[in-house]
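S.K.: Sharing a structure with you now.
Protein chains in written order, with this note's numbering: chain A, 1 to 476; chain B, 477 to 661.
Written out as structure tokens, the structure is:
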């Protein structure tokens, strides 16, 4: 075995190799201005929310009381409006959440094949009506030497069924392998589902992934046998699917979904972990004017059955919206220290294109950072009045202006643009959960030198805080 | 190898409180401290400037939203990089859903942008070996050498013990060292 390179020398090379190009200065400055301005705006908004929370809570209490009464009437007259259906999902390590609505089968046992010192192990296979997932690892011989010319040709693995049918690989991802020190790679592959009547297949791996050509055996064939899964193979994941109650709004009814303005907020499933639960859900809408990602459901508070606030954190939702899909996915994690059921109260925000509306503003010949201008103009946007209150040159660099606005409608955010001048950056004030009627900020960044006024800012988008009580109730 | 992070990044609780109160100099300090490391981290994963800029923007906008929920335990770096990591994972998950096997196994260490900086033979050899690391190992390398996080920060971010992270990176380097030397032999 040759002497290894000194670690300090390798570390230096490593830093060089992992170096990346410097970011574009204009981008960095633009984002900096936006971050500072929106962070500033968010702080102001949060302060205002705190001050108004008490009043808001009182209004909310009365509103909820009325809505609960309405719901009771609806439920009394339409007892079938609320329906519940529970299905089981399962969680398999290195595979993830799987649907158990059809029979689930797994590998009878891991299969290991060794050739010329290379070891391939198929650790797991999970078969259901949706897909066939196969996880394999491989390790290299201890004396394996990487050639200088490392061209790797990887032909795709496939499954062969006993009747000769080939199932092509649909997708594949690396999976963490820190629990397997000898493994060079762990790989999760997905294929089309295998009929339940077939209990065997051959995994064919033409080339080991990322191994230089002609340095490892090719055309691996590994026999796989499947058996029905038993409870020890799959950790429980509990899915909750509840029929939406059309337009009912309530906190007291056992309703998991409510539907207003085409929006449905749904708690889909949860996973029980040793230290808590991950709650998975989605928010979908049918209104085509609201674009993909145009609805934001923000979890405001979780209270347990004793009325105590339950801390929560964001979790990995595990899936993204399809292109063009009017749905967003969310996930939150809670601990175990609570009294069930939990009430998850959401604020529901929707972004809609503005139908126009503009205002003018003249920063003068020499605008200063931190300088404020009174605007006091009312603008009609989407049939609602938005009062544009002030402008402020915010941030650290010149050119970024925050416009304070307020509306007595449910408009709680907006985006504006100067159609006559190229932007440095722009966007609505973000952060926190907005309250209707409370002033909000919208920013727009000009490239320097700042153009001479008067400048015309046109609304491009408004954000609405949708009415209703978006509370989901959940019990483990 | 055993030296701690040479570019110490630290945001104390007072700075966070000032940022939460809207103090622009505190927000600027946070941005100036982390913007480039986070950009580099994203670039090392996606391999192009456009996506790295997009992910960096997403990360900082998410920071504004999440800052009120931040609980200071001397772990701001781990916290903000966890946000960055989640954004990167979302990005790749979306690509994986529609990509074939070749996109899925594409190696961030083999990006075109990196090609430009690899000039020496030893770099080429190291690069050829780096792409054999699994995703966990590559992540450790990215966090340590591209984002330049300390062992403590990486440990906090990944929920592991500092010593375990230190040993893991040492093992990776030792293995790379042996493999590079073997190629020289």
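In this text, a Cβ means the ideal position worked out from N, Cα and C, and glycines have one as well.
A quick note: this is a predicted structure, and the numbers were derived from the prediction, not measured.
Using a cut-off of 8 angstroms between C-beta atoms, extract the partners of residue 32(A) located in chain B.
M.R.: 504, 507, 508 and 511, listed in chain order.
S.K.: My output table needs one value for residue 201(A): the three-state DSSP class, helix, strand or coil.
M.R.: Three-state DSSP puts residue 201(A) in a strand.
S.K.: Here's a check: name, in chain order, each residue in its chain whose Cβ is nearer than 6 angstroms to the Cβ of residue 470(A), leaving out the five neighbours to either side.
M.R.: Only 265, 346 and 348 meet the Cβ criterion.
S.K.: How many whole angstroms separate the CB atoms of residue 338(A) and residue 304(A), which I take to be in contact at a CB cut-off of 8 angstroms?
M.R.: Contact flag correct, Cβ pair sits at about 4 angstroms.
S.K.: Pop quiz: residue 363(A) and residue 475(A) are said to be a contact at Cβ under 8 angstroms. What is the actual Cβ separation, rounded to whole angstroms?
M.R.: Incorrect: roughly 56 angstroms between the Cβ atoms, too far for contact.
S.K.: Locate the beta strand (DSSP E) running through residue 22(A), then write down its first and last residues.
M.R.: From DSSP, residue 22(A) is part of no beta strand (DSSP E); its letter is neither H nor E.
S.K.: Check whether the Cβ of residue 42(A) lies closer than 8 angstroms to any Cβ atom in chain B.
M.R.: Cβ-Cβ to chain B under 8 angstroms: yes for residue 42(A).
S.K.: Interface residues of chain B around residue 473(A) at Cβ under 7 angstroms?
M.R.: Correct list: empty, because the minimum Cβ distance to chain B is about 23 angstroms.
S.K.: What is the residue span of the alpha helix (DSSP H) that residue 505(B) lies within?
M.R.: Run containing residue 505(B): 500-522, per the alpha helix (DSSP H) assignment.
S.K.: When you compare the CB of residue 496(B) with every CB in chain A, is at least one pair closer than 8 angstroms?
M.R.: It does: the Cβ of residue 496(B) has a partner Cβ on chain A nearer than 8 angstroms.
S.K.: Quick one: what's got a C-beta closer than 7 angstroms to residue 612(B)'s C-beta in the same chain, skipping five residues either side?
M.R.: None.
S.K.: Does chain B have any CB closer than 8 angstroms to the CB of residue 24(A)?
M.R.: Taking Cβ atoms only, chain B reaches closer than 8 angstroms to residue 24(A), which makes this a yes.
S.K.: Identify every residue that forms a DSSP beta bridge with residue 405(A).
M.R.: In the DSSP output, where bridge partners are listed per residue, residue 405(A) has 388(A) and 440(A).
S.K.: Under 9 angstroms Cβ-Cβ, which residues of chain A neighbour residue 532(B)?
M.R.: What residue 532(B) touches in chain A: 23, 27, 28 and 31.
S.K.: Just to confirm my understanding: we take residue 543(B), look at its own chain, exclude 5 residues before and 5 after, and list those with CB closer than 8 angstroms. What are they?
M.R.: Hits under 8 angstroms: 492, 495 and 496.
S.K.: When DSSP builds the beta bridges, which residues end up paired with residue 102(A)?
M.R.: In the DSSP output, where bridge partners are listed per residue, residue 102(A) has none listed.
S.K.: Comparing the C-beta of residue 167(A) with each C-beta of chain B, is any distance below 8 angstroms?
M.R.: False, the Cβ-Cβ gap to chain B never drops below 8 angstroms.
S.K.: Could you please give the first and the last residue of the uninterrupted alpha helix (DSSP H) stretch that includes residue 190(A)?
M.R.: Segment 185-191 is the beta strand (DSSP E) holding residue 190(A); no alpha helix (DSSP H) there.
S.K.: Quick one: is residue 23(A) buried, meaning 16 or more other Cβ sit within 10 Å of its Cβ, or exposed?
M.R.: Residue 23(A) comes out buried.
S.K.: Would you list the residues sitting across from residue 484(A) in a DSSP beta bridge?
M.R.: Because residue 484(A) is not part of the residues shown, which for chain A are 1 to 476, the question remains open.
S.K.: Determine the burial state of residue 513(B): buried for a count of at least 16 other Cβ atoms within 10 Å of its Cβ, exposed for fewer.
M.R.: Buried is the call here.
S.K.: Mind checking which residues open and close the beta strand (DSSP E) that includes residue 299(A)?
M.R.: 295-303 is the extent of the beta strand (DSSP E) around residue 299(A).
S.K.: Please tell me whether residue 217(A) and residue 118(A) are closer than 8 angstroms, where the distance is taken between their beta carbons.
M.R.: Closer than 8 angstroms, so yes.
S.K.: Could you compute how far the alpha carbon of residue 133(A) sits from the alpha carbon of residue 163(A)?
M.R.: Roughly 20 angstroms separates the two Cα atoms.
S.K.: Among all the DSSP beta bridges, which residues are the ones paired with residue 416(A)?
M.R.: DSSP output for residue 416(A) lists 459(A) as bridge partner(s).
S.K.: Under the DSSP definition of a beta bridge, which residues are partnered with residue 378(A)?
M.R.: 387(A).
S.K.: Are any of the Cβ atoms in chain B nearer than 8 angstroms to that of residue 198(A)?
M.R.: Judged by the 8 angstroms Cβ criterion, residue 198(A) is not in contact with chain B.
S.K.: Between residue 520(B) and chain A, is there a C-beta pair that is closer than 8 angstroms?
M.R.: Judged by the 8 angstroms Cβ criterion, residue 520(B) is in contact with chain A.
S.K.: Mind checking which residues open and close the beta strand (DSSP E) that includes residue 95(A)?
M.R.: From DSSP, residue 95(A) is part of no beta strand (DSSP E); its letter is neither H nor E.
S.K.: Could you pull out every unbroken alpha helix (DSSP H) segment of at least 4 residues lying fully inside the segment 627-657 of chain B, listed in chain order?
M.R.: Those alpha helix (DSSP H) runs which fall completely within the segment 627-657 of chain B and span 4+ residues are 627-634.
S.K.: Please report the Cβ distance between residue 168(A) and residue 158(A), rounded to the nearest whole angstrom; I am assuming they are in contact, meaning their Cβ atoms lie under 8 angstroms.
M.R.: Rounded, the Cβ-Cβ distance is 5 angstroms, consistent with contact.
S.K.: Quick one: measure Cβ to Cβ for residue 615(B) and residue 628(B), integer angstroms, because I've assumed they're closer than 8 angstroms.
M.R.: About 16 angstroms separates the two Cβ atoms, so there is no contact after all.
S.K.: Quick one: what does DSSP say residue 452(A) is sitting in, helix, strand or coil?
M.R.: In the structure shown, residue 452(A) sits in coil (DSSP, three-state: anything other than H, G, I, E or B).
S.K.: Whole angstroms is fine: what's the gap from residue 631(B)'s alpha carbon to residue 644(B)'s?
M.R.: Distance between the alpha carbons of residue 631(B) and residue 644(B) is about 11 angstroms.
S.K.: My understanding is that residue 567(B) touches residue 527(B), with C-beta atoms under 8 angstroms, so please give their C-beta distance in whole angstroms.
M.R.: Sure, about 7 angstroms apart at Cβ, within 8 angstroms.
S.K.: Just checking: is the beta-carbon of residue 546(B) within a distance shorter than 8 angstroms of some beta-carbon in chain A?
M.R.: Not one chain A Cβ lies under 8 angstroms of residue 546(B).
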